[in-house]
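Numbering (my numbering), first residue to last: 21 to 490. The C-beta atom is built at its ideal place from N, Cα and C for all residues, glycine as well.
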Ligand SMILES: Cc1cc2nc3c(=O)[nH]c(=O)nc-3n(C[C@H](O)[C@H](O)[C@H](O)COP(=O)(O)OP(=O)(O)OC[C@H]3O[C@@H](n4cnc5c(N)ncnc54)[C@H](O)[C@@H]3O)c2cc1C
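Here it is as structure tokens:
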């Protein structure tokens, strides 16, 4: 028999989930937070460079919006960009009030026309932010956390989401927020923690929610070769250069990430030269590089791109509502359209704060759940096929080869037939977009086609549809 429903079930304890939980609990809600592994095991924890937000004297939300839309290549949803950039500064100031020890100087990152990135010790921002949010959540009476509890499927009845199914049984809630992060660890080379294989997308799609923009995987250009260690864009903002094997520069280091990533793939091999950078601004990162066996003071560091950020996800409106009543999504799990075809650096932690808060506020308006909802009979979906999703080395290798930085339609057709639901969705979406835009590059169609100015959306049992979001 399921327990009595909580007011809000938040799946995921990254920046989006913790923000949603704290927002709801501050309004008196009883919140349960679930995490797949241990609470710190999130992309949020690993975030480096920082949080964008127009907090500088020479900056405005409108300038931040222009940069976001320029990076997004005609595909950002203007209403979402307006919300992100206008509410962003207040969310950053709230973090300061909570005790996040931001550096006194704002950082500059690729695609930004102003120094507007708030960071902690140059590259320890995610750790600092999630530690502060996590500590606050741990001290808040209305918030309970259950670690190592995998959300296997959504529990829906009569078209409404009633909570989630876990290996330990169902968990009922008046409203459920998916804050389950992205899918980048489905690619063999990735910056994300191993578990980030798109479970949120898989369970929402299986339950009938629309998913969108899954062809848009952002590859980070400068990840230490042979490892998951990301060398933040802020280093390039502070003067680090990219060199080829002759020691020559070959790309504008502050061009948008997709351009830098492709330039590196075309070169084959590349090195990041940190010798002119004030390395004392990035103490933790320099220690990690040294631990990996390199000396950034004397030698350029070998780098290559890796899958980094899932632009697509579960379709939501501007308050996190999905197609399914009672179900919300926020952070990297959601597709609000805010990033268009290419995410501007450091806009994703901001997205977690802005849309995590909005989703929590909207979720609290949901009608009460049945006091003790009836379990669906075991032979009925979604209970019957429930199993933990895993990604083998072979699958990750296939996704990297077939949906990498430069894509071939024959490879994508193969991927579309994958038995893994998320890998197959990536193949189908990337095949449908036979143009190159933002992070999605097709070798058979290397230019932008105005006919594709829209978001591909898919619902279970239907065909892909190109939609225009305002
Ligand atoms: C190395 C690195 C550096 C980055 N640097 C920056 C940066 O400087 N600035 C910036 O803006 N962005 C950066 N990003 C991106 C940013 O960190 C993420 O987009 C953002 O933190 C995502 O937050 P989230 O809350 O949506 O998800 P995450 O932080 O990924 O949290 C996901 C949560 O969902 C849980 N979960 C997943 N599946 C399940 C399941 N089946 N059941 C239960 N729980 C589940 C996980 O356990 C985790 O708690 C970086 C990312 C990485 C990996």
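Run through DSSP, which three-state label would residue i get?
i           : result
residue 84  : helix
residue 256 : helix
residue 89  : helix
residue 437 : coil
residue 95  : coil
residue 291 : strand
residue 490 : coil
residue 174 : strand
residue 369 : helix
residue 109 : helix
residue 402 : Below a pLDDT of 50, predicted positions are generally treated as unreliable, and residue 402, at 49, falls in that range; no measurement from the model is reported.
Could you tell me if the beta carbon of residue i falls within a distance shorter than 8 angstroms of some heavy atom in ligand 1?
i           : result
residue 266 : no
residue 248 : yes
residue 170 : yes
residue 212 : yes
residue 366 : yes
residue 65  : yes
residue 280 : no
residue 55  : yes
residue 252 : yes
residue 185 : no
residue 36  : yes
residue 118 : no
residue 510 : Nothing about residue 510 can be reported from this structure: the residues present for the chain run from 21 to 490 only.
residue 488 : no
residue 62  : yes
residue 460 : no
Between residue i and the rest of its own chain, which residues show a CB-CB distance below 7 angstroms, the 5 nearest in sequence each way excluded?
i           : result
residue 39  : 153, 372, 373, 376 and 377
residue 389 : 25, 182, 192, 193 and 194
residue 405 : Because the pLDDT at residue 405 is just 49, under 50, the model does not fix this residue reliably, and the value given afterwards should be weighed accordingly. For residue 405, where only same-chain residues beyond five positions count, there are no Cβ hits under 7 angstroms.
residue 140 : 120, 121, 122, 123 and 148
residue 283 : 270 and 271
residue 143 : 68, 69, 252, 254, 302, 304 and 305
residue 203 : 216, 217, 218, 221, 330 and 442
residue 340 : 197, 348, 349, 350, 354, 375, 378, 379 and 382
Spatial neighbours of residue i within its chain, please: C-beta separation below 6 angstroms, excluding the five flanking residues on both sides.
i           : result
residue 346 : 180, 181, 195 and 386
residue 55  : 33 and 167
residue 369 : 35, 67 and 71
residue 441 : 222
residue 75  : 109 and 112
residue 220 : 198, 200 and 353
So residue i is in the beta strand (DSSP E); what residue range does that whole segment cover?
i           : result
residue 425 : Where residue 425 is concerned, there is no enclosing beta strand (DSSP E), given that its DSSP letter is neither H nor E.
residue 197 : 189 to 198
residue 485 : 485 to 487
residue 66  : Residue 66 -> not in any beta strand (DSSP E); alpha helix (DSSP H) instead, spanning 63 to 66.
residue 249 : No beta strand (DSSP E) holds residue 249; DSSP gives it neither H nor E.
residue 166 : 163 to 166
residue 324 : 321 to 330
Would a check of beta-carbon distances place residue i closer than 9 angstroms to chain B?
i           : result
residue 143 : Chain labels in this structure do not include chain B; a single protein chain is all it has.
What residues in its chain sit with their C-beta under 8 angstroms from that of residue i, if we drop five residues either side in the sequence?
i           : result
residue 89  : 96, 98, 101 and 360
residue 490 : 97, 98 and 99
What is the residue span of the alpha helix (DSSP H) that residue i lies within?
i           : result
residue 158 : 145 to 159
residue 211 : Unbroken run through residue 211: none, as it is neither H nor E.
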